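Novice: Numbering (the numbering used here), first residue to last: 78 to 251.
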Ligand code: GDP
Ligand code: MG
C-alpha cells in the first residue's frame with residue numbers, strides 16, 4: 078500500500094452520521110471557510126493538504142463522504158486502504174456518539190489495529206445544547222485506543238490539533 082501511494086502520502090477518511098459536520102470540518106481545515114448552510118454533499122469529495130511535521134512533509138488525502146451515511150451505505154471500499162479515520166459526532170446529539178462507537182467496532186473488525194483512529198466531538202460552540210460530556214467521550218476514546226478532540230468547525234476550534242495528531246501517529250505507524 079505504502080509503495081503505491083508513495084512514502085509521504087496518507088489517506089484519511091471521514092466517518093460519522095449525516096449532519097454532524099464532517100464536510101464543514103474538512104472545509105475549515107483545508108480552505109478555512111465555514112457555511113451555516115452547508116449542503117449535504119452529493120459527490121464523494123477528496124481534498125488534499127500538505128503539512129510539515131518536523132523535518133517531514135506529508136500529503137494528506139482527506140476523503141469526505143457523499144452523504145451515503147444517510148443510507149447506511151458506506152462500506153469497506155471507502156475505508157479499507159485508509160491510514161487514518163476521523164470519526165465525527167455532534168456534541169449536541171447522543172445518537173451520533175453511539176454511531177461513532179459502531180464505526181469503531183466496524184473498523185477494528187474490518188481493518189484492524191493499524192488504522193489510526195481519532196474521534197472529534199464537533200459543534201462545541203452550541204454548548205447550551207450539549208448532550209455528550211467531554212469526559213465520557215474521552216474515557217471511551219482511551220478505551221479503544223483512539224484520540225479524542227473537541228471541535229467547532231464554525232469557530233475553527235480544535236481542528237488543526239485533530240489533524241496534526243492523526244498525521245503524527247500515521248507517520249509513526251508506517
Ligand atoms: P456532514 O453531513 O457531517 O458533512 O455535516 P455538514 O458539514 O454538512 O454540516 C451539517 C450542518 O451543521 C450544516 O448546517 C453546518 O453549517 C452545521 N455545522 C457544522 N459544523 C458546525 C459547528 O461546529 N457548529 C455549528 N453550530 N454548526 C455546525
Ligand atoms: Mg457532508
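Built from N, CA and C at the ideal position, the CB exists for glycine as well. Model, not experiment: these values are computed from the prediction.
Residue 110: beta carbon under 8 Å from a heavy atom of the ligand MG?
Specialist: No, Cβ of residue 110 sits at least 8 Å from all heavy atoms of the ligand MG.
Novice: Mind checking which residues open and close the alpha helix (DSSP H) that includes residue 126?
Specialist: Element bounds for residue 126: not the alpha helix (DSSP H) but the beta strand (DSSP E), 122 to 130.
Novice: Does DSSP put residue 241 in a helix, in a strand, or in coil?
Specialist: Helix, per DSSP.
Novice: Would you say residue 104 and residue 163 are within 9 Å of each other, going by their C-beta atoms?
Specialist: The answer is no: Cβ separation not under 9 Å.
Novice: Hey, how far is the Cα of residue 222 from the Cα of residue 116?
Specialist: If I take the Cα positions, the gap works out to 32 Å.
Novice: With distances taken Cα to Cα, identify the nearest neighbour of residue 191 among 228, 239, 248 and 109.
Specialist: Comparing Cα positions, the closest option is 248.
Novice: Is it true that the CB of residue 177 sits closer than 9 Å to the CB of residue 165?
Specialist: Yes, Cβ-Cβ distance for residue 165 and residue 177 is below 9 Å.
Novice: Which term fits residue 175, buried or exposed, when burial requires 16 or more other beta carbons within 10 angstroms of its beta carbon?
Specialist: Its Cβ having fewer than 16 others within 10 Å, residue 175 is exposed.
Novice: Could you check what DSSP says for residue 80 in three-state terms: helix, strand or coil?
Specialist: A caution first: residue 80 carries a pLDDT of 45, below 50, which makes its placement in the model unreliable, though a value can still be read off. Here residue 80 sits in helix by DSSP.
Novice: Helix, strand or coil for residue 103? Go by DSSP, reduced to three states.
Specialist: Residue state, collapsed to three classes: helix.
Novice: Below 9 Å between beta carbons: does that hold for residue 159 and residue 188?
Specialist: Taking 9 Å as the Cβ cut-off, residue 159 and residue 188 qualify as a contacting pair.
Novice: Taking C-alpha atoms, which residue in 233, 215 and 157 lies nearest to residue 226?
Specialist: Comparing Cα positions, the closest option is 215.
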